[in-house]
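In the numbering used here, the protein residues as written are 163 to 432.
For each residue, glycine too, the CB sits at the ideal point set by N, CA and C.
Please read all numbers here as calculations on a predicted model, not as lab measurements.
First the structure, in the form of structure tokens, and then the observations on it.
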Amino acid sequence: MILITGGNGVVGRRVAELLLQDNVPVTTVTRQTGDLFSPQWIKPDLEGVEAIQISPRATGPGLEALLALAVEQGVRRAVLLSATTVEHPAGEARFADQFRRAEELVTGSGLEWTVLRLADFAANALAWVPQVRAGDVVRGAYGKAATSPIHETDIATVAAQALLGNGHAGSVHTLTGPESLDQYEKVRIVGAAVGRTLSFQELPPEQVRQGLLAQGLPEEVPARLLGSLADYAVSAGPTTSTVEDLLGRPALTFADWARDHASAFGAPVR
């Protein structure tokens with residue numbers, strides 16, 4: 163049995179799908195099914211679990227207690243979804259520190275472990291859906307901010323292998339997409355996927371921050387987003403060949419991701 167925390171997340175859902183396709187039993191837990199910040203309630207669900215996938219944003223301050231329960235219940239291995247900012251700083255240090263602390267807890271837990279340091283999710287572009295559906299211009303801050311967005315399927319494929327114990331024990335993998343793209347390029351690629359000409363318009367960061375707060379989002383959201391974008395506008399995020407090295411095939415591109423999700427942006431389903 164594999165247990166996935168953050169089962170409603172982009173990666174958690176995809177990992178569950180891949181494991182179920184291979185007839186591997188899976189159980190998922192989310193903030194809706196229980197309070198992972200106080201995880202004692204999850205103890206019965208850990209019975210018979212061989213491996214656990216950990217999303218620090220789902221477990222929060224309950225991670226240390228969750229790991230102790232996992233050891234107590236005989237779980238063998240843990241796969242942690244961390245972030246490239248642990249190794250390649252960008253944005254406010256407090257956010258990278260949260261992942262760094264999670265890595266320390268997992269690697270010191272006594273479980274067999276694998277750490278996946280993840281780049282910018284391609285799926286973050288779904289935040290543009292309302293603007294793309296409403297018109298041909300996507301507005302945001304730091305148009306020249308460049309990252310190597312990674313398709314959730316590539317993350318999930320590596321994670322599934324690690325959860326099944328296929329040779330990743332004690333490894334720290336930095337996973338990114340295969341190419342560095344700024345926001346102007348990403349928007350053009352989304353446009354090509356939906357059969358339209360889209361463009362990116364840069365706005366002042368404070369205007370973007372106020373807009374996000376006006377949507378009811380907590381201060382942490384614009385702080386995390388704008389801090390990272392500001393740094394990536396000066397120095398692009400990392401690009402690695404790790405996905406291809408591990409999977410024996412080219413990493414999926416942002417264009418692949420955009421085509422896979424074109425319907426979300428309003429393109430006709432084919």
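Looking at the DSSP output, Leu242 shares a beta bridge with Ile216 and Val277. Sorting Gly305, Val237, Leu408 and Thr315 by C-alpha distance to the C-alpha of Leu208 places Val237 at the top.
Rounded to the nearest angstrom, the Cβ distance from Val291 to Ala426 is 6 Å, consistent with a contact under 8 Å. The stretch 316 to 348 contains, as complete beta strand (DSSP E) runs of 3+ residues, the segments 333 to 337 (chain order). Using a Cβ-Cβ distance cut-off of 8 Å, the stretch 366 to 374 and the stretch 382 to 394 are in contact, since at least three pairs of beta carbons, one from each stretch, lie closer than that value.
Between the stretch 257 to 276 and the stretch 228 to 245, the count of C-beta pairs closer than 8 Å reaches three or more; the two stretches touch.
Looking at Arg411, Tyr304, Ile317 and Asn328, the one whose alpha-carbon comes closest to that of Ala398 is Tyr304.
Setting aside the 5 residues that flank it on each side, Glu249 is surrounded in the same chain by Arg279 and Thr336, each with a C-beta closer than 7 Å to its C-beta; the list follows chain order. Here the alpha carbon of Gly222 sits roughly 29 Å from the alpha carbon of Gln183. Taking a 10 Å sphere around the C-beta of Ser310, we find 16 or more other C-beta atoms and assign the residue as buried. By the beta-carbon neighbour count (other beta carbons within 10 angstroms, threshold 16), Ala296 is exposed. Under DSSP, Arg301 forms a beta bridge with Gln363.
Checking the DSSP bridge columns, you'll see Val188 partnered with Ile164.
In this structure, the beta-carbon distance from Ile166 to Thr190 falls below 7 Å.
Shortest Cα-Cα distance from Val320 to any of Asn170, Leu229 and Leu181 involves Leu181.
Contact between the stretch 325 to 340 and the stretch 263 to 277 is present, with at least three C-beta pairs closer than 8 Å. Taking the Cα of Lys205 as reference, the smallest distance to any Cα among Tyr394, Ala424, Asp407 and Ala227 is reached at Ala227. Restricted to the stretch 360 to 407, the alpha helix (DSSP H) segments that are unbroken, complete and at least 4 residues in length are 367 to 376 and 382 to 396, listed in chain order. Under DSSP, Thr309 takes part in a beta bridge, and its partners are Leu343. Using a 10 angstroms sphere on the CB of Glu179, the tally of other CB atoms stays under 16, which defines it as exposed. In chain order, Ala284 and His313 place their CB closer than 6 Å to the CB of Trp419, counting only its own chain and leaving out the 5 sequence neighbours on each side. Straight-line measurement puts the Cα of Leu391 at about 16 Å from the Cα of Glu381. Counting the other CB atoms within 10 Å of its CB gives Gly253 a total of 16 or more, which places it among the buried residues. Taking C-beta atoms as the reference points, Leu360 and Val349 count as a pair closer than 7 Å.
Around the beta carbon of Asp298, a 10 Å sphere encloses fewer than 16 other beta carbons of the protein chains shown; the residue is thus reported as exposed.
When the five nearest sequence neighbours on each side are left out, the beta carbons in the same chain lying within less than 7 Å of the beta carbon of Thr404 are those of His335, Thr336 and Leu337, in order along the chain.
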